[in-house]
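Chemist:
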Amino acid sequence: MNNLELNNGQTIPQLGLGVFLVENESDLKQSISNALNDGYQHFDTAAIYHNEAGVGEALAGSDIHRDDLFITSKVWNQHTTYDETIAAFHESLRKLQTDYLDLYLIHWPSEGYLEKWRALEDLYQDGLVKSIGVSNFEKPHLDKLLASARVKPAVDQIETHPYFQQTELHEYLTKLGIAHEAWGPLGQGKSGVMSDPVLTTIAAQHGKSVAQVILRWHLQRNTIVIPKSIHAKRIAENIDVFNFSLTPGEMEQIAHLDKNQRGSEDPNNEVWLT
Ligand code: NAD
Numbered sequence: 001m002n003n004l005e006l007n008n009g010q011t012i013p014q015l016g017l018g019v020f021l022v023e024n025e026s027d028l029k030q031s032i033s034n035a036l037n038d039g040y041q042h043f044d045t046a047a048i049y050h051n052e053a054g055v056g057e058a059l060a061g062s063d064i065h066r067d068d069l070f071i072t073s074k075v076w077n078q079h080t081t082y083d084e085t086i087a088a089f090h091e092s093l094r095k096l097q098t099d100y101l102d103l104y105l106i107h108w109p110s111e112g113y114l115e116k117w118r119a120l121e122d123l124y125q126d127g128l129v130k131s132i133g134v135s136n137f138e139k140p141h142l143d144k145l146l147a148s149a150r151v152k153p154a155v156d157q158i159e160t161h162p163y164f165q166q167t168e169l170h171e172y173l174t175k176l177g178i179a180h181e182a183w184g185p186l187g188q189g190k191s192g193v194m195s196d197p198v199l200t201t202i203a204a205q206h207g208k209s210v211a212q213v214i215l216r217w218h219l220q221r222n223t224i225v226i227p228k229s230i231h232a233k234r235i236a237e238n239i240d241v242f243n244f245s246l247t248p249g250e251m252e253q254i255a256h257l258d259k260n261q262r263g264s265e266d267p268n269n270e271v272w273l274t
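Take 1 as the starting number for the sequence shown in the UniProt record's numbering and just add one per residue.
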């Protein structure tokens, strides 16, 4: 497993397991147990996924030491004030059965995000979370946040896949020293990217699956990835991406696949955010 160093000196396993929409307790426990056996250490959840308690139970019931795990959660849009954010964080800690988080994110740049950031900064300064960051923040949101921030976000978790590459934002984040973390790295199984002919050809040349080629592309772009699956075979396949490399020519071919095809809500849409 490759680790990346964040802008505050903390490290993050570059690949983790996402658990969005995994609400069934036995699926959750089984997939986390499979993932731990396959060498995953990094788990990405959020209060709004309504599965933090299941994640906490699965991790607490494993024999992996807390120091060897990397746990991310996120504060949801309904919490708009400093106090609500602090309370939401402690609720996440309780459900996750841990006394600290590795990474805590503002889920969307929704109402009150500057005030929420002050709460995250205090949690960070109190040592309750090792790194803090944002999610679904675009350039205007980052600029507004940075104008008053005491702590620079370590991470921006944004939708990214070969049909929605976020090239400009990727470059801006790189310039700012904020790590780019890709959600929906495989196009959420609905973008069509998994049957792209260019990716299929590259996959065949390496004897790998399209999912593995996509994940490898993210890794070589220095992006953090958190693919989701509940199937043992796919969970194993998705972490088996550290034994091959894409050539510069293949990276270039994939760069040309961008269609600016967003699969989810637009963070610039104010209606969604309020
Ligand atoms: P994803 O791109 O990881 O796609 C998951 C889907 O891809 C699976 O349901 C399955 O259909 C398919 N898949 C996975 N592995 C495969 C394989 N090896 N072969 C074939 N198909 C495979 O989408 P996601 O779950 O939406 O995103 C990953 C994680 O990102 C989430 O679980 C969550 O933790 C996080 N996320 C964050 C936000 C946010 O707003 N911050 C939004 C969505 C997701």
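For glycine and all other residues, C-beta sits at the position ideal for the given N, C-alpha and C.
Give the DSSP-derived three-state secondary structure of P140 in the structure shown.
Modeler: DSSP places P140 in helix when its eight states are reduced to three.
Chemist: Quick one: which unbroken beta strand (DSSP E) runs of 3-plus residues sit fully inside the stretch 131-204? Chain order, please.
Modeler: Runs found: 155-159, 179-183.
Chemist: Quick one, which of F20, S73, G207 has its alpha-carbon nearest Y104's?
Modeler: For Y104, the nearest C-alpha among the options comes from S73.
Chemist: So E5 is in the beta strand (DSSP E); what residue range does that whole segment cover?
Modeler: Note, E5: beta strand (DSSP E), 3-5.
Chemist: Does the beta carbon of P227 sit closer than 8 Å to a beta carbon anywhere in chain B?
Modeler: No chain B appears in this structure, which consists of one protein chain only.
Chemist: Given 7 Å as the limit, tell me if N77 has its C-beta closer than that to any heavy atom belonging to the ligand NAD.
Modeler: Result no, Cβ not under 7 Å from the ligand NAD.
Chemist: Could you tell me which residues DSSP pairs with T11 in its beta bridges?
Modeler: Answer by DSSP bridge pairing, in chain order: E5.
Chemist: Leaving out five residues on either side along the sequence, give the residues of the same chain with a beta carbon under 7 Å from the beta carbon of Q188.
Modeler: The residues are G263.
Chemist: Within 8 Å, do at least three Cβ pairs link the stretch 25-39 to the stretch 58-73?
Modeler: Contact holds: three or more Cβ-Cβ distances are below 8 Å.
Chemist: Specify the secondary structure class of S33 as computed by DSSP and reduced to three states.
Modeler: S33 falls in the helix class under three-state DSSP.
Chemist: Under the three-state reduction of DSSP, which class applies to I64: helix, strand or coil?
Modeler: Of the three classes helix, strand and coil, the one that applies to I64 here is coil, per DSSP.
Chemist: So what does DSSP say about K208, is it helix, strand or coil?
Modeler: Correct three-state label for K208: coil.
Chemist: Kindly examine the ligand ATP and report whether one of its heavy atoms sits closer than 7 Å to the Cβ of G192.
Modeler: With respect to the ligand ATP, the structure shown offers nothing to examine, as its ligands consist of the ligand NAD.
Chemist: When you compare only the Cα positions, how much space is there between L15 and L199?
Modeler: Spanning the two alpha carbons is a distance of roughly 20 Å.
Chemist: Can you check whether the CB of W108 is closer than 8 Å to the CB of A149?
Modeler: In this structure, W108 does not lie closer than 8 Å to A149 by Cβ.
Chemist: Name the one or two DSSP bridge partners that V225 has.
Modeler: In the DSSP output, where bridge partners are listed per residue, V225 has L15, A182.
Chemist: Between D63, S110, Y163, T45, which lies nearest to F89 when the distance is taken from Cα to Cα?
Modeler: It is T45 whose Cα lies nearest to the Cα of F89.
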